[in-house]
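Number of protein chains: 4
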Amino acid sequence: MLAAGSAAGLSNSAFGQNEAAAQRYGNATRGLAPLKITDVRIVHAYPNGTGFSVVKVETSEPGLYGIGCATGIRRYKTLTTAVDEYLAPLLKGKDPDNIEDIWQTVNVSSYWRNGPILNTVLAGVDQALWDIKGKRAGMPVYQLLGGKCRFAVDCYAHASGRDLKELADSVRGYREQGFRHIRIQFGKYGSPHLSGEPDFKKAGFGVETDEVVEIRPYMKIVPEMFEHIRSEFGEEVELLHDIHELIPPIEAINLVKELEQYRPFFIEDAFAPEDIGYYKILREQTSCALAMGELFNNSHEWVGLITDRLIDFVRIHISQIGGITPAMKVARLAEWFNVRTAWHGPGNTSPVGHVGNAHIDLAIWNFGIQEQTDFRPETQEVFPGCPTFENGYMHINEAPGFGIDIDEAVAAKFPLPEEPWYRPIVRRPDGTPVRP
Amino acid sequence: MLAAGSAAGLSNSAFGQNEAAAQRYGNATRGLAPLKITDVRIVHAYPNGTGFSVVKVETSEPGLYGIGCATGIRRYKTLTTAVDEYLAPLLKGKDPDNIEDIWQTVNVSSYWRNGPILNTVLAGVDQALWDIKGKRAGMPVYQLLGGKCRFAVDCYAHASGRDLKELADSVRGYREQGFRHIRIQFGKYGSPHLSGEPDFKKAGFGVETDEVVEIRPYMKIVPEMFEHIRSEFGEEVELLHDIHELIPPIEAINLVKELEQYRPFFIEDAFAPEDIGYYKILREQTSCALAMGELFNNSHEWVGLITDRLIDFVRIHISQIGGITPAMKVARLAEWFNVRTAWHGPGNTSPVGHVGNAHIDLAIWNFGIQEQTDFRPETQEVFPGCPTFENGYMHINEAPGFGIDIDEAVAAKFPLPEEPWYRPIVRRPDGTPVRP
Amino acid sequence: MLAAGSAAGLSNSAFGQNEAAAQRYGNATRGLAPLKITDVRIVHAYPNGTGFSVVKVETSEPGLYGIGCATGIRRYKTLTTAVDEYLAPLLKGKDPDNIEDIWQTVNVSSYWRNGPILNTVLAGVDQALWDIKGKRAGMPVYQLLGGKCRFAVDCYAHASGRDLKELADSVRGYREQGFRHIRIQFGKYGSPHLSGEPDFKKAGFGVETDEVVEIRPYMKIVPEMFEHIRSEFGEEVELLHDIHELIPPIEAINLVKELEQYRPFFIEDAFAPEDIGYYKILREQTSCALAMGELFNNSHEWVGLITDRLIDFVRIHISQIGGITPAMKVARLAEWFNVRTAWHGPGNTSPVGHVGNAHIDLAIWNFGIQEQTDFRPETQEVFPGCPTFENGYMHINEAPGFGIDIDEAVAAKFPLPEEPWYRPIVRRPDGTPVRP
Amino acid sequence: MLAAGSAAGLSNSAFGQNEAAAQRYGNATRGLAPLKITDVRIVHAYPNGTGFSVVKVETSEPGLYGIGCATGIRRYKTLTTAVDEYLAPLLKGKDPDNIEDIWQTVNVSSYWRNGPILNTVLAGVDQALWDIKGKRAGMPVYQLLGGKCRFAVDCYAHASGRDLKELADSVRGYREQGFRHIRIQFGKYGSPHLSGEPDFKKAGFGVETDEVVEIRPYMKIVPEMFEHIRSEFGEEVELLHDIHELIPPIEAINLVKELEQYRPFFIEDAFAPEDIGYYKILREQTSCALAMGELFNNSHEWVGLITDRLIDFVRIHISQIGGITPAMKVARLAEWFNVRTAWHGPGNTSPVGHVGNAHIDLAIWNFGIQEQTDFRPETQEVFPGCPTFENGYMHINEAPGFGIDIDEAVAAKFPLPEEPWYRPIVRRPDGTPVRP
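Protein chains in written order, with the numbering used here: chain B, 13 to 448; chain Z, 13 to 448; chain G, 13 to 448; chain S, 13 to 448.
What follows is the structure, given as structure tokens:
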């Protein structure tokens, strides 16, 4: 320590007492004998028919590594190529402690930024670096972010059904598990069961897997759904709904206004990211709580929505914007405007991503709610240390770093499918492609 | 660790390998056997005729404590009372790791917030908690904030003189020390040497210590000063100036416009905090770089200036807004708008405050410049581990926490003066009180 | 008088008739043989379990002194230190007649301003100076402010209860006393009786005194409360409610919109002071009358709300902004926008503060309503000259100055408690600290 | 006093000590045995070819009366009629202490308000009531307004000349008298000497007394005038100029921009009151200090200019807006925006008006400058107690009230002329009437 200080030209002669403290609390010399990144890899696993991708950053200290979620965009092989061919060579040899510097320099290393591929692999690296830092500190990452300001992470569950009864059963199940916040949807998104063979298919337009969304039936069924669930479950449950950008902006405005009477906790994705300019109009007409963000990867998508207080919950998918580092910055921005977080956390986010969400959720003041998933046995086998749920709250593992690991041997038992995945095209009855 | 996980109902059976990591990197069980705050005290010292106040937070772990700067407002005894009578009883027994929760709850514990006294002592506690967290992590605090993204902290020095020659000599001295950024002022602020006995004093109005600022002489001398220093030192040096709110808003606008031609690095405090509404007008008329903030203690003072991009550098005095935690939030807010930091750091900020500034400066992307001071021998004796300067850069001690300590025995040799300090009242020639 | 005029070089030879008037109405020579402040002290009393702090300013004229309220922030000892160590030495020897100059110069004498401690003691001095001026003038202070434009001060009373019946009984009691305006609340604030042990306490998070507020139960009970009281008491009574910043901004908007149908006189504190940016959104969606201000201590909190006509009543706690002088300036600002006053005046404001409110209330055009308290016998014993209430109107004593005094001997019988007071931390069920 | 208190139902038993104070400082019972207004009259005088009108309010207390300026609009007989036929009957019997109430009720007593006739007589009453209140208090009125915050009233003088030499001589004269601020004008307003017989006169259009203003010659001569005076008198003198609304808005913008380089203290009346919407455009293009206001009598003329910070000095003619009461409200409004006062005070304002200006000037924080006149011997004979000037500062008489009186016997020696006065019509060369 003294030597270190001297090497840097600092006058440490009077610093004896702190030196002892330094020895007591850990090695303080990492600035001088820095750790190196020795490898960066991406590991994929596909348990239960869902693909999870995780970046692993290894260091020059034996056994010290970190992992970070790079799950979201399902262009698995592209991610692998991005990591193997571009990220790994760039990062090897760098000091993993300089997270901010790595983030900033990687972010512009391809010149063009903001994209789902490059942000995702950067996010994987970023979270892995925080994992490493937490392990070195001997602390869960939320401690580095300022410590806990709540005891656990309150979550919302996804209820759905093909009809009102199925949906009510689903809601009831989650209520019995203790959830206080439940998202209600018919079918998956929209209400495909309402439609027969769409006109465009009859006409031979499009492909087999194309889906249809009809505007009016959807706008009719959603209020009915709220009416039914509210009347059966009363005021004690918080209800959420995701429009998923399935209807034109002006009709989304009409729908949200109609839903206001059911006091939703929030209505999500009234508009596509291309249409966020409509929020100003929506906000002038309703005080229904609004959430948006899972598709965002460009700061112009969220900064104005937050500073103009046009949304109440920011729902960014953290790996889409580059990881823990930028997500914390979004949270800090949003706090000044009392906009709360509701990080994206669906079933196709890796458990590593879920614990990333959760560590932030525990630490920031302006946490709102967390989207929840449950971790199936195969998933837990791949990812030792998965969060657990009790009474609607997510609890994380208190181990250093993010408290989660990936068992690569088990992961290898769940290889990615050969076939590429495509999001089904959604069309209007005449075949017009929708951008949900 | 395992027991801890089990107690929380988590399934950790597969977590064996992380358990080893936890043992390797430190005790990870602090959520379960938390540290306690055992004492909170304020220590004052007055070496070299400057008062420095530092809050010391002690914990249940022998030898583990943190210190934080509570220097700025020179109401020393008021700060002592606030700490001894109100903060200490509130904080004893709390877990020092929950910094965010402590900040939020202390901030509203007196119901009214935002003030220079209560923010200052809260800031002392906040920085001390980060000091403790850094020591526990075995890391300098900047590591907890994301690591370094610059090698050292570029600083600006304060040159001044009673005439152009003296000022040029002062600038030359700092250039020889390597400073690239130099603030130039005549006299201290304004140009008191230009005035004789002001009219109000002749009339028996005001008191002996009152000072006078004349608008036009000040507005005339400042461009001359820039002209002289630019012509002597060329373009290689960055020049700064602090108007210190001494002239009416419209004349500040005129002065800044005139100074634009000398390419200042920034012009500081064109307006009093009550008058920040004038920035919109100023910004429309000049692209001269602008800095503001040392007097701010309410979020409505800085949020709009940043989000409307009305200033280029935010110069908050960190202990005035409550410490490291809110300062990092300001920095994060400002990053979204590419507004840079230039934290207030004059000679009457304690070395503990200076290292607080410096740790943030090293870690954030949108660092701009740091106001510098030098630490005299007596000050260094009181505060072992003071930053050092080399070639215009501030270097901090790399020890865990903030790497600085207070030697209370030495501090006791420099007691506070009995006499209270008052900022001299500044008046116009007719006696009108100015609010600088 | 003549001599005085001559000394100042004025031609007063023709002024004989006014000289007589001067002799008739008092000594007019104070500019020439000015009074001096000889002492400034703070006196605390704690009758009925409530702390009242009053600043006493004594002058060089035997028996001539003034008192001013320095009650609000319960950091009593900090206030004492601020007065004894800083204000008193600064003010001794100054002319108590120059109130504006004293206010302006004291306000910046610590450089940093706006805080709850320093504003409060400044307010105490300011009101005391007006008290002195009134006594010298032989006039109640409201006369100096322009005279009466109403015969007495219409007030609102605080009704509350643990259930609808208790609340209705409370309302009935106030109606029988003649009050036309009644604030209705369940429990104290929020509706703590609705909740059992909150989740965070079960989890061992927080401390014993922490309180919980649940958003939906509160939002449900308030409209029911209005419905019940309206149906029982009809349209003749004006009803008020204080949200006390207990729910998130968007839900406050929803609640205010729902309450509009019950025609409240005003809804108070929909948002925390940090969140006043939400008023623009609220104002676009409802014409429910709005009040805000008790937590304000920085001009940027109220100027925009008034000039943008975003609130209908400004509810500043006068000692929080520095006293009668700035409060009159707020009132004058608000008059241009027909924003009315409803000064903060709860039970824990001293009677001196209440009469300060009342003198302004009597004199300004844009008075709206006054928050009322009743003065218990012990309080009246400490403060001879307390206001009285009749038929819902507050009447003040017509003696010169503010017409109220403090009996220090009696005050000494009610010493402050040793234990510091803290506002109980309010949390959401998950432990999130709320900032009310 | 006690009886008074008892009569009002107040509990005063413990109030003995204040009762003594009440007796010491005057009769405090005026709320109970109020003074009455017994007469309201207007007195005109025409010394030195200038008409001065003063309202005199007499009371039920022998010898106690007040006077107020009702000078400005030269419709003397209309003013007399307004006072005699309407104001006097309304006011007789009212309590002169209730100034605010009288102002508010008189203001709407004709239903239509804001006009120069009715505002002027209301102003006369209002100032007279403050005069009475000051006399009753035994205090100069500035004491009731908060006391002095400057030792005297800094003034600007009017220099003018038919050519540059004459103007320079005029400036020199005022400099020698000590004035630091000097308004410079060619001719009276505009530059009539530049023109020969205008075209419209050659064509037989208009009447003999019509004047002409040519846009370009005026725009050419004003910068030359500034250039000349600046080069002769240097930077030490503050220069002002009054455009007097003589040129079209866009040319006023061009002129002000050109004058910016000469650093005027302010440029007055760039636009007619009908054209204040141009200030936004002007403000975006120049930081030249701006003043406006002498023609204002409607709040929409000044409120927005102040709250949008579009002018730097508000120059209201106080009797045009209704007197001291509204003028203080304008001053308080302007203080929040750091807009300073420069009350209108030309030679055709009565000395009573000048002392009204001065009492406000001494008391408010945001005083800027005062327009000055000098009082000729005959005027001083009519108005005993006129202000005096020394070194460019106006000093007022320190007697109670406004310290000025009117000697009606002397006034009668200077009767109004029989002929009505008309402001000369100003035209463009083609005869177009200008609205200056």
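A virtual CB, placed ideally from N, CA and C, is assigned to each residue, including glycine.
Closest by C-alpha distance to residue i, when choosing among the options
i, options, result
"Z:Tyr434", "Z:Ser299, Z:Ile85, Z:Cys81, Z:Ile372", "Z:Ile85"
"B:Glu420", "B:Ala57, B:Thr93, B:Gln273", "B:Ala57"
"B:Asp109", "Z:Glu430, Z:Ala100, Z:Met151", "Z:Met151"
"G:Gly404", "G:Val120, G:His312, G:Gln384", "G:Gln384"
"G:Thr391", "G:His407, G:Gln273, G:His366, G:Gly216", "G:His366"
"B:Asp51", "B:Gly357, B:Thr361, B:Glu430, B:Leu102", "B:Leu102"
Boundaries of the beta strand (DSSP E) in which residue i is found, first to last residue
i, result
"Z:Glu178", "Per DSSP, Z:Glu178 belongs to no beta strand (DSSP E); it is in the alpha helix (DSSP H), 176-188."
"S:Gln197", "193-198"
"B:Phe278", "278-280"
For residue i, the three-state DSSP class (helix, strand or coil)
i, result
"B:His56", "strand"
"B:Asp320", "coil"
"Z:His256", "coil"
"B:Arg352", "strand"
"Z:Thr83", "coil"
Residue burial classification, residue i (beta-carbon count within 10 angstroms, cutoff 16)
i, result
"G:Ala40", "Because G:Ala40 sits at a pLDDT of 37, beneath the cut-off of 50, its placement in the model cannot be relied upon, and the following sentence gives the value as read from the coordinates. Buried: at least 16 other Cβ atoms inside 10 Å."
"Z:Ser331", "buried"
"B:Asn378", "buried"
"Z:Asn409", "buried"
"G:Thr221", "exposed"
"G:Asp320", "exposed"
"S:Arg228", "exposed"
"G:Trp348", "buried"
"G:Pro5", "Since the first residue shown for chain G is 13 and the last is 448, residue 5 of chain G is missing from the structure and cannot be characterised."
"Z:Lys106", "buried"
"S:Trp124", "exposed"
"S:Pro396", "buried"
"Z:Asp442", "buried"
Residue span of the alpha helix (DSSP H) that contains residue i, given as start and end
i, result
"S:Thr93", "88-93"
Spatial neighbours of residue i in its chain, beta-carbon cut-off 6 Å, leaving aside the 5 residues before and after
i, result
"G:Ala140", "Val67, Val69, Gly78, Ile79, Gly80"
"G:Ile144", "Gly78, Pro108"
Nonlocal neighbours in the same chain, by C-beta distance under 7 Å from residue i, ignoring five residues either side
i, result
"G:Leu374", "Tyr154, Lys160, Arg162, Val165"
"S:Val268", "Ile279, Ala282, Leu294, Thr298, Cys300"
"B:Asp324", "Phe278, Ala301, Leu302, Ala303, Val351, Arg352"
"G:Leu91", "Ile54, Ser65, Ala82, Ile129, Thr132, Val133"
Cβ-based neighbour list, residue i, same chain, cut-off 8 Å, excluding 5 preceding and 5 following
i, result
"Z:Ala171", "Leu179, Ser182, Val183, Gly185, Tyr186, Ile194, Arg195, Ile196, Gln197"
Residues in the segment 292-320 of chain S having any Cβ partner in chain D nearer than 7 Å: Checking the listed chains, one finds no chain D in this structure; the protein chains it contains are B, Z, G and S.
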